[in-house]
Amino acid sequence: MSSGTTSFQSSFEDLGRPLADVTFVVVDLETTGGPPAEAGITEIGAVKVRGGQVLGEFQTLVRPTSPIPAFVQVLTGITNRMVASAPTLRQALPAFLEFAGFDRGAVLVAHNARYDVSFLVAACGLTDRDWPKPRVVDTVVLARQLVDRDEAPNNKLGSLARLFGTVTTPDHRALNDARATVDVLHALLGRVGNRGVHTIEDLTAFAATVVSKARREKKHLAVGLPSAPGVYQFRDAAGRILYVGTSVDVHRRVSSYFTASETRPRMTEMVRAATSVVPVVCETPLEARVRELRLIAEHAPPYNRRSKTPEKVTWVKLTTDAWPRLSLVRQRREDGGDYLGPFRSARTAELAVEALHDAHPLRQCTRRIPKNPTQDGPGACVLLEIGRCGAPCLGTGRGGQDAQSYAGVVAAVRDAMHHDATTTFTRGRDRLQLLTEQQRYEEAAGARDRLEAFLHAADRSQRRAPIASAPEIVAARRSVATPGWRNGGWEVVLIRHGRLAGTCVTPRGADPMPHIAALRATGEAVPAPDAARSGLLVEETDLLLGWLEQPGVRLVSVEEDDRRPWASPVRGAGWARYHLRPGQPE
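Take 1 as the starting number for the sequence shown in my numbering and just add one per residue.
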């Protein structure tokens, strides 16, 4: 029995030590600035943590064997007077090593660990002690692989502390810097979980990732790229676009693809195939995002995962035959039908249709029903028996629904799709309440999912339609200070028929109106949306709508379509979605 237990335990430990069970000792040293061999340590700070909890802290000043230079005193705030009565290295080091417990399996963590470890190794040698050779984790190395250059300008402790919002601000004092490094470590560990890193062995292997020679040699592709905001395109030898991205600094972002910070297999494969990078400098972040969407939609780059096939969508159509019904179609046409969408998922479109059928007794059969059903036509289906359809297929001679009554049902569905969701919402809400009272919770959840699928699509469509139909909208907001972008007085956006026709940033302090007039005169001419290609415009229109709805955006001028004034319907899907949330007033 004992042998079996030992075998099982051994096999379990072979899987590695979970990060939550590892004791990390986060260390920071302050020194005189001399070489490590002199071990001129002036302060040791350390924090011991496990499973996200602080187990203890250690701090001591150390009296070095040589004076602290004046510039180091200014940097750290540690003066020769402060360390005059401090313990010597021979006195302080044993206390630190006992606290750390490296000989008991604790892992040493430091920011730029090579520096700190070199001083500690030298200190052990000078005090006739053996260095315990703990496992070492360097937060600088992890940050190089996990922090994008668009997030932080560099991997200095101060930059990472600002990025991750550390509780303690690093100030070149050992304990405070160690405390800040603890928060940085935890933030970085939070990022490695989805990369298959769950044990200390995984973490060590991840940190030791080496950039291949072939990828390093591609660094020349970043040479000459602008250090400016915009869009970048990786292309292969045939000129085909492989990948499109955006950045506030194109040169810096592209350079990162050739370093250890890029670990995604898909991207490293793309870099191997790339032979050139083409930049497009943009005036504003909004322009860059729009250009990215357009390039992805036009070229379908193989290494982009989103927005590649905007035309592959599903629409819900209220048909135009004598007895209209709801149908799922792949393309919107100018055929007089009423359309809702587009839906990225056919299943979501089906849920929206089911929600409308839940609320309105619209026929669901796909048979063709003549304008005047005959006496010898087919019989009604079960939907008549359960009150879900008026059976227009029977004709009035056999008790079926007449054309006028059915037209009222169709009108209610059309209203729900375009401007008044009251009936659909109230009937759906009542159904939810009834199912809940009957404790049929799974059915209630399904009914709610159907209703939400419809309301979400209708809300987007109703908010999008006025902007897509408006011949011209000019809007502006105060230029937001964004690193890398040209910051001026006003960020001006010109929208025509739901597409970005132009944008500019006016000089700070200048009258914006002449610049707006020039933008309108030179902006792209955009025709009214073609129904057959309307699916291509949705993401761009939604992006522009999101920008227009930001706080601080002001309308300069609006040229509306008389049929679709820029307004949301009072009882539209947006109103219904708001009231669908629990606890909202009537």
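The beta carbon of each residue, even a glycine, is placed where N, CA and C say it ideally should be.
Run the CB neighbour count on Gly-535, radius 10 Å, all protein chains shown included, and call it buried at 16 or more, exposed below.
For this step, residue 535 is matched to residue 535 along the sequence shown. For Gly-535, the predicted structure reports a pLDDT of 49, less than 50, and the residue's modelled location is therefore unreliable. The matter cannot be settled from this model.
Kindly give me the distance between the Cβ atoms of Gly-77 and Gln-59, rounded to whole angstroms, as I take these residues to be in contact under 8 Å.
Against the sequence shown, residue 77 aligns to sequence position 77. Against the sequence shown, residue 59 aligns to sequence position 59. Going by Cβ atoms, the distance from Gly-77 to Gln-59 rounds to 14 Å, so no, they are not a contact pair.
For Ile-467, which residues of its own chain have a beta-carbon under 8 Å away from its beta-carbon, when the five flanking residues on both sides are left out?
Here residue 467 corresponds to residue number 467 of the sequence shown, with the count starting at 1. Once the five neighbours on either side are set aside, the close Cβ partners of Ile-467 are Ile-473, Ile-495, Gly-498, Thr-541, Leu-544, Leu-545, Leu-548, Trp-566.
With contact counted as at least three CB pairs below 8 Å, one residue from each stretch, are the segment 253 to 260 and the segment 312 to 326 in contact?
Counting Cβ pairs under 8 Å, fewer than three are found: no touch.
Where do the N-terminal and C-terminal ends of the beta strand (DSSP E) with Thr-246 fall, by residue?
Here the question's residue 246 lines up with position 246 in the sequence shown. Where Thr-246 is concerned, the enclosing beta strand (DSSP E) stretches over 241 to 247.
Here's a check: name, in chain order, each residue in its chain whose Cβ is nearer than 7 Å to the Cβ of Arg-344, leaving out the five neighbours to either side.
Counting from one through the sequence shown, the residue named residue 344 turns up at place 344. The residues are Val-313.
Leaving out the 5 sequence neighbours to the left and right, which residues in its chain are closer than 7 Å to Ala-122 when beta-carbon positions are compared?
To locate residue 122, count along the sequence shown from 1; it is residue 122. Taken in chain order, the residues that qualify are Pro-36, Ala-37, Ala-39.
For Thr-503, does the count of other Cβ atoms within 10 angstroms reach 16, so buried, or fall short, so exposed?
Reading the sequence shown from its first residue, position 503 is the one you call residue 503. The residue is buried, with at least 16 neighbouring Cβ atoms inside 10 Å.
Answer yes or no: do Ala-161 and Pro-170 have a C-beta to C-beta separation smaller than 8 Å?
On the sequence shown, residue 161 is found 161 positions in, with the first residue counted as 1. On the sequence shown, residue 170 is found 170 positions in, with the first residue counted as 1. Yes, these two residues count as a Cβ contact at 8 Å.
How is Leu-286 classed by DSSP in three states: helix, strand or coil?
Along the sequence shown, read from residue 1 onward, the residue named residue 286 stands at position 286. Residue state, collapsed to three classes: helix.
Below 8 Å between beta carbons: does that hold for Trp-323 and Tyr-243?
What you label residue 323 is simply residue 323 of the sequence shown in a count that begins at 1. What you label residue 243 is simply residue 243 of the sequence shown in a count that begins at 1. Not closer than 8 Å, so no.
Hey, which unbroken runs of the alpha helix (DSSP H) at 4 residues or more fall wholly within the segment 166 to 243?
174 to 192, 200 to 207, 213 to 216
Spatial neighbours of His-360 within its chain, please: CB distance less than 6 Å, with the 5 preceding and 5 following residues excluded, ordered by chain position.
Position 360 of the sequence shown, counted from the first residue, corresponds to residue 360. So the list reads Val-409, Ala-412, Val-413, once near-sequence residues are dropped.
Measuring only the C-alpha atoms, how far is Val-109 from Thr-246?
One-based indexing of the sequence shown puts residue 109 at position 109. One-based indexing of the sequence shown puts residue 246 at position 246. Each residue's Cα considered, the two are about 34 Å apart.
Count Cβ pairs between the segment 97 to 109 and the segment 131 to 143 that sit closer than 8 Å; are there 3 or more?
yes
Leu-19 - DSSP class collapsed to helix/strand/coil
Looking up residue 19 in the sequence shown gives position 19. Helix, per DSSP.
Between His-111 and Leu-157, how many whole angstroms is the CB-CB distance? I'm expecting something under 8 Å.
In the sequence shown, counting from the first residue as 1, residue 111 sits at position 111. In the sequence shown, counting from the first residue as 1, residue 157 sits at position 157. The C-beta distance from His-111 to Leu-157 rounds to 5 Å, short enough to meet the 8 Å contact threshold.
Answer yes or no: do Arg-325 and Arg-363 have a C-beta to C-beta separation smaller than 8 Å?
Within the sequence shown, the letter at position 325 stands for residue 325. Within the sequence shown, the letter at position 363 stands for residue 363. For Arg-325 and Arg-363, yes; Cβs fall inside 8 Å.
Do Gly-428 and Ala-458 have their beta-carbon atoms positioned less than 8 Å apart in this structure?
As a working note, residue 458 is residue 458 in the sequence shown. As a working note, residue 428 is residue 428 in the sequence shown. At the C-beta level, Ala-458 and Gly-428 stay beyond 8 Å of one another.
Measure the Cβ-Cβ separation of His-456 and Arg-577 and say whether it is below 8 Å.
As a position in the sequence shown, residue 456 is number 456, starting the count at 1. As a position in the sequence shown, residue 577 is number 577, starting the count at 1. Result yes, Cβ atoms of His-456 and Arg-577 sit closer than 8 Å.
Distance CB(Ala-207)-CB(Val-271) smaller than 8 Å
Mapped onto the sequence shown, residue 207 falls at position 207. Mapped onto the sequence shown, residue 271 falls at position 271. No.
What residues in its chain sit with their C-beta under 7 Å from that of Thr-127, if we drop five residues either side in the sequence?
Counted from its first residue, the sequence shown places residue 127 at position 127. Apart from sequence neighbours up to five positions away, the residues of its chain that approach Thr-127 with a beta-carbon distance below 7 Å are Leu-89, Arg-90, Leu-93, ordered along the chain.
Identify every run of the alpha helix (DSSP H) within the segment 484 to 559, keeping only runs that are complete inside it and at least 4 residues long; order them along the chain.
512 to 522, 534 to 548
For the structure I just gave you, are there three or more beta carbon pairs, one from the segment 424 to 440 and one from the segment 331 to 347, closer than 8 Å?
no
Provide the residue span of the alpha helix (DSSP H) that contains Gly-56, from first to last.
Here residue 56 refers to the residue found at position 56 of the sequence shown. It is not in any alpha helix (DSSP H) - Gly-56 instead sits in the beta strand (DSSP E) that spans 53 to 61.
In the segment 125 to 154, which residue ranges form an unbroken beta strand (DSSP E) of at least 3 residues, counting only runs that do not cross its ends?
Counting whole runs of 3 or more residues, the segment 125 to 154 contains the beta strand (DSSP E) stretches 136 to 138.
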